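Protein chains in written order, with the numbering used here: chain A, 59 to 743; chain B, 3 to 309. Glycine residues also receive a C-beta, built at the ideal position from the N, C-alpha and C atoms. On a predicted model such as this, the values are computed, not experimentally measured, just so you know.
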């Protein structure tokens, strides 16, 4: 480098550094100012009329994709189904007001035929979407089709499997002669909606790959079922016959299709060659889906106002399902225009519920405002709601105590004994059970007597009174009490003598020869405390060595799913007030069973109960099933949860109930005077 | 020229660092038990298969790796698995400004308080000021931020009722978290400034300045301070890293919807794409901050040569 350059650079650098030195403080001040402007430009929303903590950030606002109670609260405010669960009747001895699905939703009346299999819903004339469109029966039929469509992959889709043909549509279990709908490979976007051209015809031939071609030796039933799914998703040929309407072409047309997402037909050739049938397979066309014709499913639009739903058999709790948020309708035009993800944006979404979406800040809040188009807008009092998603329970309680929240859904367990004494703590037993799963495949737990002995040796009363201390009820059955018409089966309570006897009968007198048992729980102090008590109970009463193992939530779920545990902590919240939501979990091989336990009589009872029209007989089937469950003890119920709600005294229309559901459109604010609690409320905003 | 070469070199190294971070975390995420499709309710096989297909989780790992890497290079982190209404880019675009505002305010607080305390302590050495400031600084460093936050909440939210308990959106809501975030760094900066100041004050040119008849204020602010902040500037790099990690905890305590909240939740929920997006943003951010510190260091002290 020449000296002149060096000097220039030196000079330049000195200049720059001089500038930087001079302006360094200024830069900091500018940075600070910028940050402040930034923070403020987040838009300081004035406090909403009603602010509550929803707990976790919701996964989605799409009714068809959502699961979980936080999602339910938002979707029930934004959307409305045909029916709505409303408080009805007198409170029970625990102050719980029964919630019943009534025609106070999109439907203003509905009828059921004599044998309980055909429901006719009449949609009210003044039901409107937020964009002004009328809500029609077609909206429901389309939304339910979307909900059931296999590509939507709705976790709750089994809730509609009680409808005739719905399961067939979803699981694509086709047989020759079925009416089918073929979605051609002409989608405009890779997304499911808008769909490509739909052609409806009759399945004339279904050519499946030879069974167990690549899984020789594993030809049990499970493998067959897996093969079927595989076959449908890309390795089968569907020969479909279409009727042509126009007169100048042949009356029928037969086309062979292979399902292929990307339009390639690799893997089909072999199948084609193995085919020995009558249809010429020279021209196989790719298509997106071959599904059971949705027109054959028992969801029929009779008129814009009338929807008829035909069930497989009488289903007593079907109105509950119709009122359940996954079955709320979505606006077809909106979904088709913006696609599966973007249609939920505040600027795009079209809804039909009492509130509409104003703004959404991720992991902060969802701002809802009153929907003036709502048919019952006159009765909705709140003009705006903030749905907060505050993860930390302590933070949430702090915000409640300083008046930032009107309703706290998640007060920390450790604080319950103190909060319990306050008037604004609303708590009653609801439909949820805390229980331990026992892995029936792991010796010595494969012995029913060992499982029963373990259950009998637990002092559940002591756990409830000394550990959880929130007013929970000790459980000796799986189904929580309070379901109308269900007496339930009471298993045996705490009985150390019997436990010792059963253990001896199982071949382990005084716990001798019994291997160490491991209790698995997800990392949380509350679960550890309970596990420690049970550990002591089993050691003291039965002489069993117990070790505890805790795993972080994600890993815990994995262990549960793969059966890598001996005894594991679990919980279950019922979806609707019917024993079925608890008991159908433990049918053999059910996805949520996870205990490796199964019993043919139990499965039979659950299956019979699904189609039993007589309520009393149906409940009897459930009682018998629960008796089997408690005698075989693949699970050990510990206690029934109580709901935990902190609600400011100025809030009205908040009722304790069995499902811990609190419709936001029924909430009112007491106007006269400010709350008596003057020191900590009201003045923060 | 030199600066340009330096920056280009750093850019190159940054790309390599990002790639290494990407690769390591990609495989580590998938090596731990659990996955994005696990929930308390177990999915039926067909639903699970459909969802795996939707998110390309059914592809062989190397295919997933290359697709994801390619998309990342195009700045597309894909959809979030657990916030289904958003793409990762949207989540980061909402979370980053929040954390940045919090971080900048925390840092400014730390600099203002730390440097003032440091200068006062050095000038009034062994006085009661010196003693109490340094005690406070030691406390600030020693007390973890979540403990500090709890104490601040008890004091300023429940006892004095000056600030709201948590939340985001108002200036009032930023004060407590920013202070708790900045406190430990204020402590460090105070000590660094004090040490630097003491060293500079014993130099000949300070004596000369005094001899010329300048006031103490002028000597301290115009001559001594400049030399004494060099250690502070070099500390800014690690401090930025500290501010970033410190805000993970504080964001949770104060219910702030920033990057930290998203990052922690993504890790707990196995939201692979969001976790990766947040991680890479942190990587790039740290790298850029360190580079800027190195750069400014050379401007402030001409003796430093960039390499």
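Beta-carbon neighbours of residue i, restricted to chain B and to distances below 9 Å
| i | result |
| --- | --- |
| residue 399 of chain A | 81, 86, 87, 88, 89 |
| residue 211 of chain A | 45, 48, 49, 50, 51, 52, 53, 55, 56 |
Listed by chain order, chain B residues near residue i by CB distance under 7 Å
| i | result |
| --- | --- |
| residue 559 of chain A | None at all; the shortest Cβ gap to chain B is about 36 Å. |
| residue 619 of chain A | 40, 44 |
| residue 103 of chain A | 171 |
| residue 229 of chain A | 48 |
| residue 456 of chain A | 155, 159, 167, 168 |
C-alpha distance - residue i paired with residue j, whole-angstrom precision
| i | j | result |
| --- | --- | --- |
| residue 136 of chain A | residue 87 of chain A | 44 Å |
| residue 59 of chain A | residue 170 of chain B | Reliability of the predicted coordinates at residue 59 of chain A is poor, the pLDDT of 49 falling under 50, and no value is obtained from them. |
| residue 594 of chain A | residue 588 of chain A | 10 Å |
| residue 364 of chain A | residue 396 of chain A | 28 Å |
| residue 66 of chain B | residue 270 of chain B | 21 Å |
| residue 287 of chain A | residue 644 of chain A | In this prediction, residue 287 of chain A has a pLDDT of 46, which is less than 50 and means its spatial position is unreliable; what the coordinates show is noted afterwards. Between residue 287 of chain A and residue 644 of chain A, the C-alpha separation is close to 23 Å. |
| residue 162 of chain B | residue 173 of chain B | 18 Å |
| residue 222 of chain A | residue 348 of chain A | 19 Å |
| residue 674 of chain A | residue 663 of chain A | 14 Å |
| residue 383 of chain A | residue 165 of chain A | 15 Å |
| residue 197 of chain A | residue 436 of chain A | 24 Å |
| residue 291 of chain B | residue 242 of chain B | 7 Å |
| residue 611 of chain A | residue 263 of chain B | 17 Å |
| residue 8 of chain B | residue 14 of chain B | 10 Å |
| residue 123 of chain A | residue 565 of chain A | 49 Å |
| residue 452 of chain A | residue 256 of chain A | 53 Å |
Proximal chain A residues relative to residue i, where beta-carbon distance stays under 7 Å
| i | result |
| --- | --- |
| residue 272 of chain B | 612 |
| residue 254 of chain B | 449, 450 |
| residue 310 of chain B | No statement about residue 310 of chain B is possible, as the shown extent of chain B runs from 3 to 309 and does not include it. |
| residue 36 of chain B | 612, 613, 615, 616 |
With 16 other Cβ atoms within 10 Å as the buried cut-off, status of residue i
| i | result |
| --- | --- |
| residue 575 of chain A | buried |
| residue 273 of chain B | buried |
| residue 737 of chain A | The predicted model places residue 737 of chain A with a pLDDT of 35, which falls under 50 and marks its position as unreliable; any figure quoted below should be read in that light. With fewer than 16 Cβ atoms within 10 Å of its Cβ, residue 737 of chain A is classed as exposed. |
| residue 629 of chain A | exposed |
| residue 149 of chain B | exposed |
| residue 519 of chain A | exposed |
| residue 387 of chain A | buried |
| residue 34 of chain B | exposed |
| residue 254 of chain B | buried |
| residue 147 of chain B | buried |
| residue 207 of chain B | exposed |
| residue 210 of chain A | buried |
| residue 633 of chain A | buried |
| residue 490 of chain A | buried |
Chain E within 8 Å of residue i, Cβ atoms only
| i | result |
| --- | --- |
| residue 106 of chain B | Among the chains of the structure shown, chain E does not appear; the protein chains present are A and B. |
Within chain A, the residues that residue i reaches when beta carbons sit closer than 8 Å
| i | result |
| --- | --- |
| residue 201 of chain B | Per Cβ cutoff of 8 Å: no residues; residue 201 of chain B is ~19 Å from chain A at best. |
Beta-carbon neighbours of residue i, restricted to chain B and to distances below 8 Å
| i | result |
| --- | --- |
| residue 421 of chain A | 97, 259, 263, 264, 267 |
| residue 329 of chain A | Within chain B, no residue comes near residue 329 of chain A; the closest Cβ sits about 20 Å away, beyond 8 Å. |
| residue 89 of chain A | 106, 110 |
| residue 125 of chain A | 41, 43 |
Closer than 9 Å at the beta carbon, the chain A residues around residue i
| i | result |
| --- | --- |
| residue 66 of chain B | In chain order: nothing, as chain A lies at least about 17 Å away. |
| residue 120 of chain B | Simply none; closest approach about 16 Å. |
| residue 93 of chain B | 420, 421 |
- Task: Would you list, in sequence order, the uninterrupted alpha helix (DSSP H) runs of no fewer than 4 residues that lie entirely inside the region 304-391 of chain A?
- Result: 327-332, 376-381
- Query: What runs of the alpha helix (DSSP H), each 4 residues or longer, lie entirely inside the region 619-669 of chain A?
  - Reply: Listed in chain order, the complete alpha helix (DSSP H) runs (minimum 4 residues) inside the region 619-669 of chain A are 638-641, 658-669.
- Are the region 521-537 of chain A and the region 697-715 of chain A touching by the rule of at least three beta carbon pairs closer than 8 Å? Two segments are said to touch when three or more pairs of C-beta atoms, one from each, lie closer than 8 Å; by this definition the region 521-537 of chain A touches the region 697-715 of chain A.
- Please specify which runs of the beta strand (DSSP E), each continuous and at least 3 residues long, are wholly inside the region 387-441 of chain A, giving them in chain order. 413-419, 423-428
- At a cut of 8 Å, does the region 616-631 of chain A reach the region 577-584 of chain A through at least three beta carbon pairs? yes
- Message: Restricting to runs no shorter than 4 residues, where is the alpha helix (DSSP H) found entirely within the region 201-228 of chain B?
- Response: DSSP runs (the alpha helix (DSSP H)) wholly in the region 201-228 of chain B: 206-213.
- Is the region 502-517 of chain A in contact with the region 709-722 of chain A, if contact means three or more CB pairs nearer than 8 Å? no
- Message: Does the structure place the region 105-123 of chain A close enough to the region 392-410 of chain A that three or more beta carbon pairs sit under 8 Å?
- Response: yes
- So does the region 147-162 of chain A actually touch the region 111-122 of chain B, counting three or more Cβ pairs closer than 8 Å? Using a Cβ-Cβ distance cut-off of 8 Å, the region 147-162 of chain A and the region 111-122 of chain B are not in contact, since fewer than three pairs of beta carbons, one from each stretch, lie closer than that value.
- Message: Does the region 463-470 of chain A come into contact with the region 703-711 of chain A, if we say contact requires no fewer than three beta-carbon pairs (one atom in each stretch) closer than 8 Å?
- Response: yes
- If you pair each beta-carbon of the region 677-694 of chain A with each one of the region 443-462 of chain A, do three or more pairs fall below 8 Å? no
- Does the region 177-195 of chain A come within contact of the region 227-237 of chain A, defined as at least 3 CB pairs closer than 8 Å? no
- Between the region 364-380 of chain A and the region 657-671 of chain A, are three or more C-beta pairs nearer than 8 Å? Two segments are said to touch when three or more pairs of C-beta atoms, one from each, lie closer than 8 Å; by this definition the region 364-380 of chain A touches the region 657-671 of chain A.
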